[in-house]
Amino acid sequence: ERTARLVKLAIAIGAQKEGAVHASVRKALAIGILLEELEQVVALSAGTLGLPSAVAAHTWVKETKAGGKGHGD
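Okay, so the sequence shown: first residue is 1 according to our numbering, each after it adds one.
Spelled out as structure tokens, the structure:
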């Protein structure tokens, strides 16, 4: 389940779907995945997506963890 959650987050980041990133982060945190693990997924995406997109994804992860924006799936 942990691996599936991290893969789903990676897919949402790759597709640049903000709402899906928020939902993936919420679901991952709910099953005990650490914020550091989520941030690693974002860091790994930077090489493929480029820095601006990776920064946006990092912001979405942080917003969700902080209880900020939380769009639907």
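A virtual CB, placed ideally from N, CA and C, is assigned to each residue, including glycine. Here the structure is a predicted model, which means the values were calculated and not measured.
Item	Value
For residue 9 and residue 50, what's the separation of their Cα atoms in angstroms?	17 Å
Report, in whole angstroms, the separation of the C-beta atoms of residue 28 and residue 44, which I expect to be a contact under 8 Å.	Actually they are not in contact, since the Cβ atoms of residue 28 and residue 44 sit about 15 Å apart, beyond 8 Å.
Please state whether DSSP places residue 15 in a helix, a strand or coil.	coil
Verify whether the separation of the beta carbon atoms of residue 57 and residue 42 is less than 7 Å.	yes
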